[in-house]
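One structure below.
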Amino acid sequence: MNILGIETSCDETSVAIVRDGKDILSNVIASQVEVHARYGGIVPEVASRQHLLTMVPVAEKALADAGTGLEQIDAVAVTMGPGLAGSLIVGVSFAKSVAMAVGLPLVGVNHLEGHIYANWLSSVQPELPCLCLIVSGGHSDMILMEGHGRFRKLGGTRDDAAGEAFDKGARILGLPYPGGPAIQNATRGVTTSLSLPRAWLKDNDDFSFSGVKTALLHMAEEKAAPDEQWVKEAAAAFQDAIVEVLVIKTIRAARRLSVRQVLLAGGVASNSALRDRFAADSPLPVLIPPPVLCTDNAAMIASCAFYHLGSGNPDNSNLDVMPGLAFG
Ligand code: KG4
Ligand code: ZN
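FYI, the numbering used here numbers position 221 of the sequence shown as 712, with every residue one higher than the one before it.
Written out as structure tokens, the structure is:
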């Protein structure tokens with residue numbers, strides 16, 4: 492079964508064609524990072540306008556790259572939420588038009604569920620039950636996945652998401668947007684003597700990252716003339732603090748729940764320090780998609796839809812955008 496996936500929840504316009512939930516025939520991603528970088532963050536009105544400009548060319552390229560016509564597509568899948576309302580509307584309207592014009596079923600996908608399914612876009616298929624850590628610009632969620640469509644949220648962030656903290660921390664240090672990759676680059680080969688606090692929030696699976704961000708701000712304010720070396724060391728201390736909490740709390744929960752594997756998902760899962768630390772510390776197998784499938788992409792949306800259709804979920808051609816859609 493070939494599914495055409497569409498993703499426009501934030502600042503990437505992406506269209507992909509995925510066969511049987513795991514084989515990527517094409518995955519075209521038009522990033523708006525350069526457009527938003529000059530504002531230091533995403534401007535929603537600019538994002539939706541960019542989606543309008545790129546939606547059709549990106550879809551045409553996805554079909555061309557896959558070497559398929561619409562007659563070889565079996566269903567259309569689209570992110571319905573959570574995300575920016577104006578951005579979601581562009582993708583959902585386009586998906587409805589294609590599905591209606593060609594007479595295909597339409598599947599609405601939760602963006603967070605989609606992130607998890609990036610782990611199915613591989614020859615090594617995950618084993619269930621598993622513990623999923625979704626770390627993106629808007630979420631830091633720990634999810635128990637017992638089966639396809641069977642998710643239980645164990646915890647989330649009480650304030651800033653991990654990606655949001657990386658973005659704000661980078662701004663404090665004068666590093667560019669998006670902050671996660673900028674901090675990762677700044678810390679390459681750096682050892683630091685600086686240290687920042689960790690919020691463990693004992694005996695639960697929640698996270699909190701606003702405290703470490705404020706501590707970084709105070710540390711930067713106290714430093715009279717921060718030079719390049721100090722910025723790198725502060726970035727390394729900040730990254731260490733976020734990574735350590737994510738890794739230790741996730742491994743602790745995985746042990747408690749006796750899951751078979753840990754799955755990472757979301758843009759922050761492309762962070763090399765996080766990937767290395769999980770690989771070194773986890774007693775359980777940890778699956779992490781390649782970086783390009785950690786950040787927003789349509790292949791993960793198409794994969795997720797394959798399992799929705801497989802479990803008999805009906806066509807939802809009347810779907811609407813749900814910007815505040817929660818997990819499950
Ligand atoms: O999943 P994603 O592409 O979009 C959302 O659904 O939010 O995640 C974007 C977030 C941004 O906050 C970005 O700074 C962060 O992921 N990110 C990273 C890295 N690459 C992207 N954070 C840390 N290290 C990275 N290498
Ligand atoms: Zn995302």
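For glycine and all other residues, C-beta sits at the position ideal for the given N, C-alpha and C.
DSSP places Leu748 inside the alpha helix (DSSP H), whose first and last residues are 719-748. In the displayed model, Gln541 falls within a helix according to three-state DSSP.
In this structure, Ile733 sits away from Gly496, with a CB-CB distance that is not shorter than 8 Å. Taken in chain order, the complete alpha helix (DSSP H) segments of 4 or more residues contained in the stretch 740-812 are 763-772, 782-785, 790-801. The beta-bridge partner set that DSSP reports for Lys644 consists of Ile634. For Glu618, the three-state secondary structure derived from DSSP is coil. Our two residues, Ile739 and Gly628, have alpha carbons roughly 20 Å apart in a direct line.
Residue state for Ser500 is assigned as coil, using DSSP reduced to three classes. In this structure the stretch 755-766 lies against the stretch 780-787, because at least three pairs of beta carbons, one per stretch, are closer than 8 Å.
Counting along the chain, no alpha helix (DSSP H) covers Ala568; the unbroken beta strand (DSSP E) around it starts and ends at 566-572.
Collapsing the DSSP output to three states places Phe698 in a strand.
For Asp514, the pairing in a beta bridge is given by DSSP as Arg510. In this structure, Leu800 sits near Ala566, with a CB-CB distance shorter than 8 Å. Straight-line spacing of the CA atoms in Gly558 and Ile508 works out to 10 Å. Counting along the chain, Val526 sits inside the alpha helix (DSSP H) bounded by residues 524-528.
When the Cα atoms are used, Phe729 and Met591 turn out to be separated by approximately 48 Å.
A distance criterion of 7 Å places the beta-carbon of His527 beyond contact range of the ligand ZN, judged by its closest non-hydrogen atom.
According to the DSSP assignment, Leu575 belongs to no beta strand (DSSP E), since it is labelled neither H nor E. Closest by C-alpha distance to Cys621, out of Val777, Glu551, Arg751, is Arg751. As a beta-bridge residue in DSSP terms, Ser505 pairs with Glu498, Ile520.
At least one heavy atom of the ligand ZN sits closer than 7 Å to the Cβ of Ser627.
Three or more Cβ pairs drawn from the stretch 571-583 and the stretch 804-818 lie within less than 8 Å of each other, which places the two stretches in contact. Secondary structure at Ile607: helix, using DSSP grouped into helix, strand and coil.
Remark: three or more beta-carbon pairs, one from each stretch, lie closer than 8 Å, so the stretch 543-558 and the stretch 504-524 are flagged as touching. Residue Met571 holds the alpha-carbon nearest to the alpha-carbon of Leu816 among Met571, Gln563, Pro688. DSSP places Gly670 inside the alpha helix (DSSP H), whose first and last residues are 670-677. Taking Leu664 as reference, the option from Glu713, Gly560, Phe698 with the minimal CA-CA separation is Glu713.
With the rule of 3 Cβ pairs closer than 8 Å, the stretch 665-685 does not count as touching the stretch 601-620. Val569 has its alpha-carbon roughly 16 Å from the corresponding atom of Asp511. Of the residues Lys659, Ile625, Ala652, Leu692, the one whose Cα lies closest to the Cα of Arg643 is Ile625. Excluding the 5 residues flanking it on each side, Val589 has same chain C-beta neighbours closer than 6 Å at Val567, in chain order. Ser539 is the residue among Ser539, Leu708, Thr648, Val722 whose C-alpha sits nearest the C-alpha of Gly577. Residue pairing from DSSP places Gly599 in a beta bridge opposite Val569.
Cβ-Cβ distances below 7 Å link Ser701 to Asp650, Asp651 in the same chain, with the five nearest sequence neighbours on each side left out; the list follows chain order.
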